[in-house]
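Inspection log for the structure reproduced underneath, given as structure tokens.
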Amino acid sequence: MKRSVYDTSIDPDRLDIEQVTNVEMIKYWNKQIAILTKNRDTIKNEIKRFEAEKRIAIEKDPMEFELERYTDKLAEASFIVNKKYQNLQENLIEANYQLSKAYGYKEAFVARGNALDNLQKLYLSNYYAEYNKRGESSKDHQKSASDILDEALKKRKKKKVKEDA
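According to this note's numbering, the stretch in the sequence shown is residues 5 to 169, in order.
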């Protein structure tokens, strides 16, 4: 079964494989971050080039752009309303969004790695074998927390009734 690059679940019966898979997922998201960062930077450069070309064109002939004279404010206003510039800005927003998502996925796998480390430490310290050490059956081990709590409350009530009598 192939794991999705978005799946952060942990199979407790395969901690060793999960650890290896987690490292691969972090590497995958690092690569995606690099690609998305390059895409974002490319769009930023396109925006700068567009602005520079427009500024030069406006400075050369302000009348062509229906301006009486060149000023930075007028130049900026003229290319902000340009459709190509607006598309580039939308592309930059989308690139930043995708990059933020990739960072989030990477952080999820880093946190998953920490959880895996902790689970492996518990396993290696025989934490899960405690029930067998106390002589309890594996059936008792499978009781839910609410069942165990209910039993403890019943015992407490019985003890209190005996004390009151």
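We treat Cβ as the ideally placed atom computed from N, Cα and C, and that holds for glycine.
- The count of Cβ pairs closer than 8 Å, one atom from the segment 19-28 and one from the segment 120-127, reaches three, so the stretches are in contact.
- The distance from the Cβ of residue 50 to that of residue 103 is about 16 Å, inconsistent with a contact at the 8 Å cut-off.
- Nearest to residue 107 by C-alpha distance, out of 17, 35, 11 and 16, is 35.
- Distance check between residue 27 and each of 126, 46 and 113 places 113 closest, using alpha-carbon atoms only.
- Here DSSP, grouped into helix, strand and coil, assigns residue 70 to coil.
- In this structure, DSSP gives residue 43 a helical state, which the three-state scheme calls helix.
- Of the candidates 110, 162, 97 and 14, 110 places its Cα closest to the Cα of residue 32.
- If you ignore the 5 residues before and after residue 74, its C-beta comes within less than 7 Å of the C-beta of 62, 63 and 66, all in its own chain and listed in chain order.
- The Cβ-Cβ distance between residue 71 and residue 82 falls below 8 Å.
- Residue 16 and residue 159 have their C-alpha atoms some 33 Å from each other.
- Taking the CA atoms as reference points, residue 128 sits about 11 Å from residue 19.
- Per the coordinates, the alpha-carbon of residue 47 lies some 16 Å from the alpha-carbon of residue 86.
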